[in-house]
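> Quick one: the structure is below, questions incoming.
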Amino acid sequence: MEHISQLTAEIRDKAAYPDILVISRIFLPKEAVIGEYIYNRCLQDPERVIVLAASCSGDKVFDEGQQFPVYRWFYPRYWRSGFVGNILKPWVNIVCSFVLAIRLYFRYHYRYIEWGHGYDFPSLLLLSYFLPIRFFIYLHGNDLDCTLHNPVLRSLFKLTLKRAEGIVCNSSYTRDYLRTAFRLDTPTHVINPVIRPEKFGNNVASPNSLDDLRVRVRQAYNIPESAIVILSIGRLVKHKGFDQVIDNIPLLLTFGVDVHYIICGQGSSESELKSLAHRLRVDKRVHFAGYVHERELAGYYAACDIFAMLTLLDTKANNMEGFGMVYLEASYFGKPVIAPRLGGVLDTVQHEENGILVNPNSGYEVFQAFNRLCKDQQLREQLGRKGKELAKRRTLHRSLYKSEG
1 MEHISQLTAE IRDKAAYPDI LVISRIFLPK EAVIGEYIYN RCLQDPERVI
51 VLAASCSGDK VFDEGQQFPV YRWFYPRYWR SGFVGNILKP WVNIVCSFVL
101 AIRLYFRYHY RYIEWGHGYD FPSLLLLSYF LPIRFFIYLH GNDLDCTLHN
151 PVLRSLFKLT LKRAEGIVCN SSYTRDYLRT AFRLDTPTHV INPVIRPEKF
201 GNNVASPNSL DDLRVRVRQA YNIPESAIVI LSIGRLVKHK GFDQVIDNIP
251 LLLTFGVDVH YIICGQGSSE SELKSLAHRL RVDKRVHFAG YVHERELAGY
301 YAACDIFAML TLLDTKANNM EGFGMVYLEA SYFGKPVIAP RLGGVLDTVQ
351 HEENGILVNP NSGYEVFQAF NRLCKDQQLR EQLGRKGKEL AKRRTLHRSL
401 YKSEG
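Taking the UniProt record's numbering, the leading residue of the sequence shown gets 1, the next gets one more, and so forth.
In C-alpha cells form, the structure reads like this:
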C-alpha cells in the first residue's frame, strides 16, 4: 500500500507540472544581467516553469530551442527605443503581463508566479487578488530603488511585498537595503547569480582553447605575452571608475611594470577617457575594445592577468551595485579581482581570497593593490584558483519550495 500511495503522489505531482509561471520583461536573448539571472533560474527546473516575457530581437529562434514553453507580449519595433517607447512600455508591460498571465492560468492552472524583478509590480499585485496563486518576487538593486521615491508607488510596492510568499534578493546588500527601506515579515532569501559557461561559447571548457584565445586577443592589441594586462568590462559612464584605472597606468610604468589596460564597453564617457589616456601619454597602453559580444568575452578574460572595476556609489543617478556579475565572471576564469568595498560586490569578492577590496576614493589604496598584484604572480595565481572555487557555488531556486516536501 505504501508503494501504491507513493506512486499515486508521483503521478499527481507530474500531472500538475508545469506549475510555476516566471514573468520577466527582461529575458534572453536580450543581453542583460537580470535576463541572464532569470534564464539560469528556469534551467534549474525546466519541467516546472512556463515563461512570460517581453518580445525582443531574435526571440522566436531562441524560444524554439528551450526546454520550457516561452510566451511573449509584443513591442512594435519603433517602441524598443526612443521617447515614445520609454513612456508607453511600462504601461504595456503591466497590461500585457496581467492579461497574458490570466490566459495562461486557464491553460496551465499554475500554482506559483515568480516575478523576475521589481519593475511593473502593479500587474503582480492585481494578479495576486485575481488568481488563487502564491508568488515570489525577485529584487536586484535598481528595481528596488526606483520604487522608493514616489509615495504611492512605495505604498503599493510594500503591499505587494507583504502579500508575497517570499522575496528573493540577488545579494546580501540588496537584502539589507530592502530591510532599511521596509519593515516586513515576509521571508527573504538571498540567491546569488551563477555563471552559465555556454554563454561564452564552446571554447571555455578547454585550457588549450583559452590559451589560444589569450594569444589571439593580445596579438590583436600588440601586447607582448610578458606584459601585465588589466581588464575592465562595463558601460563607459563616470561612476564605473575607468578613469581611476587609467590614472594608475603611468604610476605602474614608473615602478617598472610593463602594463596594458583593455576596456570593453561603450558609453557617454568614452571620449573623455580617451582624452585622459592621451593626456597622460598612455594611449598606446590603454585599449578601447568597444562593445564585445558575450561569446567573445572569454578571450578577453583569458588575455588579462587582473580584472579591475572601481565602481563608485552613484546616489544621484540611483545606481545600485546590486551584484557584481563581471567580478564573478572574472573569478570563473581564474582571474584575481580588484574591486570596491561596497554594495553587492561583497557577495562576489572576498578580500585576500579571490581578490583585493579597496576604498575606490583612496588613490593610495588603489595603487597599492595594483602594484602588489602586478608584481606578485604567485598571489595572482592563488587568488585566481580560489576565485574559480567560489564561482562554482550556487543556491538552487527549488529551495524556495522546500516546505512542499
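For every residue, glycine included, the Cβ atom is placed at its ideal position computed from N, Cα and C.
Owing to the predicted nature of the structure, the values given are computational and were not obtained by experimental measurement.
(1) Quick check: Gly-166 and Phe-121, are their CB atoms within less than 7 Å of each other?
(2) In angstroms, rounded to a whole number, what distance separates the CA positions of Ile-230 and Val-337?
(3) Report yes or no: do the region 167 to 174 and the region 190 to 209 share at least 3 C-beta pairs separated by less than 8 Å?
(4) For Tyr-177, tell me which candidate among Val-204, Pro-151, Pro-197 and Gly-141 has the shortest Cα-Cα distance.
(5) Below 8 Å, how does it come out for the region 85 to 93 and the region 124 to 131: are there three or more Cβ pairs, yes or no?
(6) Considering only residues of the region 284 to 345, which uninterrupted alpha helix (DSSP H) runs meet the minimum length of 4 residues and lie entirely inside it, listed in chain order?
(7) Tell whether a beta-carbon distance below 7 Å holds between Val-237 and Tyr-300.
(8) Quick check: is the beta carbon of Ala-54 nearer than 7 Å to any beta carbon in chain D?
(9) Among residues of its own chain, excluding the 5 on either side of Arg-398, which ones have a beta-carbon nearer than 7 Å to its beta-carbon?
(10) Taking just the CA atoms, how far does Tyr-39 sit from Cys-96?
(11) Alpha carbon to alpha carbon, how far is Ile-228 from Cys-374?
(12) Closest to Ser-268 by CA distance: which of Lys-284, His-239 and His-293 is it?
(13) Which of the three DSSP states is assigned to Thr-186 in this structure?
(14) Could you tell me whether the Cβ atoms of Asn-361 and Leu-383 are closer together than 7 Å?
(15) Using the Cβ count rule (16 or more neighbours within 10 Å means buried), how would you classify His-117?
(16) So what does DSSP say about Gly-355, is it helix, strand or coil?
(17) Since Leu-231 is in the beta strand (DSSP E), which residue starts that stretch and which ends it?
(18) In chain order, which continuous runs of the alpha helix (DSSP H) of length 4 or greater are located wholly inside the region 126 to 155?
(19) Short check: CB of Asn-371 to CB of Phe-255, under 7 Å?
(20) So the candidates are Arg-154, Gln-244, Ile-20 and Leu-252; which of them puts its Cα closest to the Cα of Phe-182?
(21) Cutting at 7 Å between CB atoms, please list the residues of its own chain near Tyr-359, excluding the five before and the five after it.
(22) On the criterion of 16 or more Cβ atoms from any shown chain inside 10 Å, does His-293 qualify as buried, or is it exposed?
(23) Given a cut-off of 7 Å on the beta-carbon distance, is the pair Ser-55 and Phe-27 in contact?
(24) Going by Cα to Cα distance, which pick from Leu-52, Tyr-261, Phe-323 and Phe-288 is closest to Leu-307?
Considering the structure as presented:
(1) No, Cβ-Cβ distance for Gly-166 and Phe-121 is not below 7 Å.
(2) 10 Å
(3) As far as the Cβ criterion goes, the region 167 to 174 touches the region 190 to 209, which means the pair count is three or higher.
(4) Gly-141
(5) no
(6) Runs of the alpha helix (DSSP H) inside the region 284 to 345: 294 to 303 and 325 to 332.
(7) no
(8) Judged by its chain identifiers, the structure shown contains no chain D, having just a single protein chain.
(9) These residues qualify, in order along the chain: Gln-44 and Asp-45.
(10) Separation of Cys-96 and Tyr-39 (C-alpha to C-alpha, rounded to the nearest whole angstrom) is 20 Å.
(11) 7 Å
(12) His-239
(13) coil
(14) no
(15) buried
(16) strand
(17) 228 to 233
(18) 142 to 145
(19) yes
(20) Arg-154
(21) Sequence inspection shows Asn at residue 359; the Tyr mentioned does not correspond to that position. Correct list, in chain order: Arg-341 and Glu-365.
(22) exposed
(23) no
(24) The residue you asked about is not Leu; residue 307 is Phe in the sequence shown. When the alpha-carbon of Phe-307 is set against those of Leu-52, Tyr-261, Phe-323 and Phe-288, the nearest one is in Tyr-261.
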